[in-house]
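What follows is a set of notes on a single structure, which appears directly below.
Number of protein chains: 2
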Amino acid sequence: MTLDTTFLTESLGDGQVTTGQDALEEHATDWGTATGTEPEAVVYPTTTEEVATVLEAANERGIPVTPYAAGTGLEGNAVPAEGGISMDLTRMNEVLDVRPEDFQIDLQPGVMGPTIEETAGEHGLFFPPLPSSGDISTIGGMIANAASGMQTVKYGEVADWVLELEVVLADGSVITAGSKAVKTSSGYNLRDLLIGSEGTLGVVTRATLELAGRPEQIKGGRALFPDLDHAAAAVTDAIQSGVDVAKIELIDEESAMMSNAYTGADLPDSPMVFLEFHANHGIDEEIEFCRSILETHDLIEFEIADEERMGDLWQARKDLAFAVRSYDPDRQPLHPGDITVPISKYGDLVKEIKDLGEQYDLLTPCFGHAGDGNIHYTVLVDTDDEEQLRRGEQLYSEVVDRAIEVGGTATGEHGIGQGKRKYLLDEHGSETVAAMRSIKDALDPNGILNPGKIFPETE
Amino acid sequence: MTLDTTFLTESLGDGQVTTGQDALEEHATDWGTATGTEPEAVVYPTTTEEVATVLEAANERGIPVTPYAAGTGLEGNAVPAEGGISMDLTRMNEVLDVRPEDFQIDLQPGVMGPTIEETAGEHGLFFPPLPSSGDISTIGGMIANAASGMQTVKYGEVADWVLELEVVLADGSVITAGSKAVKTSSGYNLRDLLIGSEGTLGVVTRATLELAGRPEQIKGGRALFPDLDHAAAAVTDAIQSGVDVAKIELIDEESAMMSNAYTGADLPDSPMVFLEFHANHGIDEEIEFCRSILETHDLIEFEIADEERMGDLWQARKDLAFAVRSYDPDRQPLHPGDITVPISKYGDLVKEIKDLGEQYDLLTPCFGHAGDGNIHYTVLVDTDDEEQLRRGEQLYSEVVDRAIEVGGTATGEHGIGQGKRKYLLDEHGSETVAAMRSIKDALDPNGILNPGKIFPETE
Numbered sequence: 001m002t003l004d005t006t007f008l009t010e011s012l013g014d015g016q017v018t019t020g021q022d023a024l025e026e027h028a029t030d031w032g033t034a035t036g037t038e039p040e041a042v043v044y045p046t047t048t049e050e051v052a053t054v055l056e057a058a059n060e061r062g063i064p065v066t067p068y069a070a071g072t073g074l075e076g077n078a079v080p081a082e083g084g085i086s087m088d089l090t091r092m093n094e095v096l097d098v099r100p101e102d103f104q105i106d107l108q109p110g111v112m113g114p115t116i117e118e119t120a121g122e123h124g125l126f127f128p129p130l131p132s133s134g135d136i137s138t139i140g141g142m143i144a145n146a147a148s149g150m151q152t153v154k155y156g157e158v159a160d161w162v163l164e165l166e167v168v169l170a171d172g173s174v175i176t177a178g179s180k181a182v183k184t185s186s187g188y189n190l191r192d193l194l195i196g197s198e199g200t201l202g203v204v205t206r207a208t209l210e211l212a213g214r215p216e217q218i219k220g221g222r223a224l225f226p227d228l229d230h231a232a233a234a235v236t237d238a239i240q241s242g243v244d245v246a247k248i249e250l251i252d253e254e255s256a257m258m259s260n261a262y263t264g265a266d267l268p269d270s271p272m273v274f275l276e277f278h279a280n281h282g283i284d285e286e287i288e289f290c291r292s293i294l295e296t297h298d299l300i301e302f303e304i305a306d307e308e309r310m311g312d313l314w315q316a317r318k319d320l321a322f323a324v325r326s327y328d329p330d331r332q333p334l335h336p337g338d339i340t341v342p343i344s345k346y347g348d349l350v351k352e353i354k355d356l357g358e359q360y361d362l363l364t365p366c367f368g369h370a371g372d373g374n375i376h377y378t379v380l381v382d383t384d385d386e387e388q389l390r391r392g393e394q395l396y397s398e399v400v401d402r403a404i405e406v407g408g409t410a411t412g413e414h415g416i417g418q419g420k421r422k423y424l425l426d427e428h429g430s431e432t433v434a435a436m437r438s439i440k441d442a443l444d445p446n447g448i449l450n451p452g453k454i455f456p457e458t459e
Numbered sequence: 001m002t003l004d005t006t007f008l009t010e011s012l013g014d015g016q017v018t019t020g021q022d023a024l025e026e027h028a029t030d031w032g033t034a035t036g037t038e039p040e041a042v043v044y045p046t047t048t049e050e051v052a053t054v055l056e057a058a059n060e061r062g063i064p065v066t067p068y069a070a071g072t073g074l075e076g077n078a079v080p081a082e083g084g085i086s087m088d089l090t091r092m093n094e095v096l097d098v099r100p101e102d103f104q105i106d107l108q109p110g111v112m113g114p115t116i117e118e119t120a121g122e123h124g125l126f127f128p129p130l131p132s133s134g135d136i137s138t139i140g141g142m143i144a145n146a147a148s149g150m151q152t153v154k155y156g157e158v159a160d161w162v163l164e165l166e167v168v169l170a171d172g173s174v175i176t177a178g179s180k181a182v183k184t185s186s187g188y189n190l191r192d193l194l195i196g197s198e199g200t201l202g203v204v205t206r207a208t209l210e211l212a213g214r215p216e217q218i219k220g221g222r223a224l225f226p227d228l229d230h231a232a233a234a235v236t237d238a239i240q241s242g243v244d245v246a247k248i249e250l251i252d253e254e255s256a257m258m259s260n261a262y263t264g265a266d267l268p269d270s271p272m273v274f275l276e277f278h279a280n281h282g283i284d285e286e287i288e289f290c291r292s293i294l295e296t297h298d299l300i301e302f303e304i305a306d307e308e309r310m311g312d313l314w315q316a317r318k319d320l321a322f323a324v325r326s327y328d329p330d331r332q333p334l335h336p337g338d339i340t341v342p343i344s345k346y347g348d349l350v351k352e353i354k355d356l357g358e359q360y361d362l363l364t365p366c367f368g369h370a371g372d373g374n375i376h377y378t379v380l381v382d383t384d385d386e387e388q389l390r391r392g393e394q395l396y397s398e399v400v401d402r403a404i405e406v407g408g409t410a411t412g413e414h415g416i417g418q419g420k421r422k423y424l425l426d427e428h429g430s431e432t433v434a435a436m437r438s439i440k441d442a443l444d445p446n447g448i449l450n451p452g453k454i455f456p457e458t459e
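Respectively, the protein sequence lines represent chains G and E.
Following full-length UniProt numbering, the numbering of the first sequence begins with 1 at its first residue and continues without gaps.
Following full-length UniProt numbering, the numbering of the second sequence begins with 1 at its first residue and continues without gaps.
This is the structure we're talking about:
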């Protein structure tokens, strides 16, 4: 059955509704490996009113609406599971207001990371929790998926820097969640409920973010270790000792090898930790404090890099997601791993992943936001080889199970989407998932907003 | 009609259910001025299971349950509005676990601030967002009311330091919200929805908090200004310049006068700002940076105090809430003001309060967490004088209206309770309040949990 788009073309302008095959295909993919369906139509609203009009009409008709933006999700979060309408928010890409005197910026959801950084930078400010994918992703996507980034270890997550949201609910009503005051205890905190709800409860149409002043001193460096156990232990010890790091990223040997192959970089053949420090005073003392801790873990070398060299290192780190997927055309990433565990369990989990990789004879490059206990592990498999695929799935799941067992989460910053639905019950238990479901049913009784996401097939 | 408590005495132990008049009266009061009703029974659960048993039974019978702990709320948040059962959680006061290697502590809801500080301190850690009332309030109350404190300007609110909650819902089901991982994007963020919901959505039975390492350097001081305009402008400028303060509190002349009368302190007859700085390195440079900014606002004196002297100053600051209410037996606080505004509006709001005080001929002592834009203003009135009461109410409301008008909130950290229900619609709008209501109805369909709070009488 084809969707009759008359109700859409009647209320939106020329070029804001399409059923063209290219657009449908584009909106059926993301960066991950989860499979979804093509939408039946794509709409491109430019105002809050247009978002509300589309949702109200779709709600009356019971037609699914899946919000979409840059398509950089990793779990099929923005790929329709049940056809319907893909709501592409990339044309809502205006900076609405900047109030440097309050460290605040108001954005439409389609604004991308570089615009945030550029606009903030004009006032000596920056947006600390920008994800590694910030160059190619939108603020709406970051909010919908509760994103975080390399600087979360010092500054917190995207959610911690969102003050107020304008959100259109399934029935087209427009709400304001949060406050432009830096704190409020007035009524229910709908803002943080909506953040990370992956477009299943509403569509963000405006976000007020808090910004920070740029630190006076920034220095970075790279530490090499003889093996991964020592590198992971060094990270854990640094965090437990309270070293004030702004970034602390672990990169294992397989990841380094793939990075070299991808970019022609010359990362050494050792596990390594990239670090960055931000301070207004005393940065060298903090770096020396950090060095003294790293040295107790068989540190091979701790290079403090100048700004240009550091830029190259961080670019190599950012490119890892590309490097891993480009490494071998015959071995594709199974799912992008995103477990996060309490820091004392971090070393154990890294070791477990590598041991399982050996046991199952599969490549498992690991990198990620070590200071948060967040590990991006990737299982590379020949997807035409059923048996290898099975082993890969087994490995992947064993790691998630282990992370949940030690009090961690299946996904630190990528969301559940379609790919991780099967872990939701294990992580939260049936009574907690039932509470989530009752909220979904209350705010979206017809189930039109991004159906087939987050919740398991059988709750 | 008297409540038949058989269903309670059957499932709880000896001494865990009372209908004694002393207990009923105790649970009908808090620290504020809002009026409520006496409960018909008070229960004292000691385990999660007992909380669940009571809620399940009350839910089946449609009997209101209002969670209660230290009774330090200011808006009648924990005082029954419709009788029923007062659930006193003060006997659930165990520290369940401390994991210093993860900076984590697990607490029952009745644990009070000093126990948190003492337990954390044994491991060189502390709980940064502890409210000024932390000495006399419970972690359950802090969580239920989205509390914050003097150090929120640097470290954030209580909510920012809560990792995971065990919560009993109205039907007795037990959920776990959040994660022991420092970040998660797995499913809906029920944790932050429950924080600040004032016991209307569930009862917290266990909280896992994050702790922080103690800073190596702590110094404090006091700055005096010729008038309140200059003091407020100095605070605003310091925040806008990005001074790294751990506390920055404004105290007006009326508050200082009342403090002197209450404690026999000798605070000077000028508006003043109390400050504290935390750092691992370079604290003196930061203090000098701060001084350079304060000096541009006609600074009279900036005294850096030693630890003992600083302790006295902070005690005076903490005692302000007592001092204001004890100042004059014939003039009682009308409601404790708690507006919070974007920092650029802070000076205007302080000035507006004092101008209105003059216009209405009423004392309006102001103090509070200036760096957050949070003003605790108190309107003192002779409550026997109808006309004065009317003027006081008028003044109080005009200030809230103005705060909302400039993008702020009616309540930064005290919650809505009964006292601020009339402002909810103005602050959030009817569609946002309807969304809050639909969540309340979904999680507590019989409306047994703390009815008569947060939502306005007519939505």
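Ideal Cβ positions, reconstructed from N, Cα and C, are used throughout, including at glycine.
Annotated as proximal: V111 (chain G) and T138 (chain G), with beta-carbon spacing under 8 Å.
Contact residues of the stretch 333-344 of chain E toward chain G are T340, V341, P342, I343, S344 (C-beta to C-beta distance below 7 Å). Collapsing the DSSP output to three states places F289 (chain G) in a helix. Nearest C-alpha to A177 (chain E) among E:K154, E:L201, E:G149, E:Y155: E:L201.
Going by DSSP, G392 (chain G) is part of the alpha helix (DSSP H) stretching over 386-405.
Rounded to the nearest whole angstrom, the CA to CA distance from G220 (chain E) to D244 (chain E) is 12 Å. Contacts with chain E at 8 Å (Cβ-Cβ) do not include A52 (chain G).
Annotation: F127 (chain E) is outside any beta strand (DSSP E) and is labelled neither H nor E by DSSP.
Going by C-alpha positions, D227 (chain G) is about 26 Å away from V182 (chain E). Taking the C-beta atoms as reference points, P131 (chain E) is found no nearer than 8 Å to G156 (chain E).
At a Cβ-Cβ threshold of 8 Å, G71 (chain E) and T29 (chain E) count as neighbours.
The DSSP-derived three-state label of F302 (chain E) is strand.
Closest in alpha carbon position to I287 (chain G), among G:D384, G:E308, G:A238, is G:A238.
Between the alpha carbons of L313 (chain G) and P114 (chain E) lies a distance of about 46 Å.
Separation of Q315 (chain E) and E50 (chain E) (C-alpha to C-alpha, rounded to the nearest whole angstrom) is 38 Å.
Per DSSP, the beta bridge partners of N374 (chain G) are G:T340.
Under the three-pair Cβ rule at 8 Å, the stretch 208-223 of chain G counts as touching the stretch 270-278 of chain G. Here the alpha carbons of K318 (chain E) and P336 (chain G) stand approximately 50 Å from one another. Taking I283 (chain G) as the centre and dropping the five residues before and after it, the same chain places the C-beta of Q217, K219, F277 closer than 6 Å to its C-beta, in chain order. Contacts with chain G at 8 Å (Cβ-Cβ) do not include D229 (chain E).
In this model, E358 (chain G) and L299 (chain G) are separated by some 25 Å (Cα to Cα). Per the coordinates, the alpha-carbon of N93 (chain G) lies some 7 Å from the alpha-carbon of L107 (chain G). Between A170 (chain E) and chain G, the shortest Cβ-Cβ separation is not below 8 Å. Where F274 (chain E) is concerned, the enclosing beta strand (DSSP E) starts and stops at 272-279.
Residue pairing from DSSP places L363 (chain E) in a beta bridge opposite E:L380.
Beta-bridge pairing by DSSP links D106 (chain G) to G:D97, G:T208.
Judged by their CB atoms, A144 (chain E) and G199 (chain E) are nearer to each other than the 8 Å cut-off. For S259 (chain E), the enclosing alpha helix (DSSP H) begins and ends at 253-263. Taking a Cβ-Cβ cut-off of 8 Å, the neighbours of Q104 (chain G) in chain E comprise P342, given in sequence order. Using a CB distance cut-off of 8 Å, D306 (chain E) does not count as an interface residue toward chain G.
Non-local C-beta neighbours of I304 (chain E) in its own chain, meaning closer than 7 Å and more than five positions away in sequence, comprise K219, G221, I287, ordered along the chain. At least 8 Å separates the beta-carbon of T2 (chain G) from that of L334 (chain G).
Ranked by how close their Cα comes to the Cα of A261 (chain E), the residues E:S326, E:L356, E:K154, E:V379 have E:S326 in first place. Nearest CB-CB separation between N450 (chain E) and chain G: not below the 8 Å threshold. Within a 10 Å sphere around the beta-carbon of L96 (chain E) sit fewer than 16 other beta-carbons, which makes this residue exposed. Within the same chain, A170, D171, N446, I448 come within 6 Å of N59 (chain G) by CB-CB distance, once the 5 residues on both sides are set aside.
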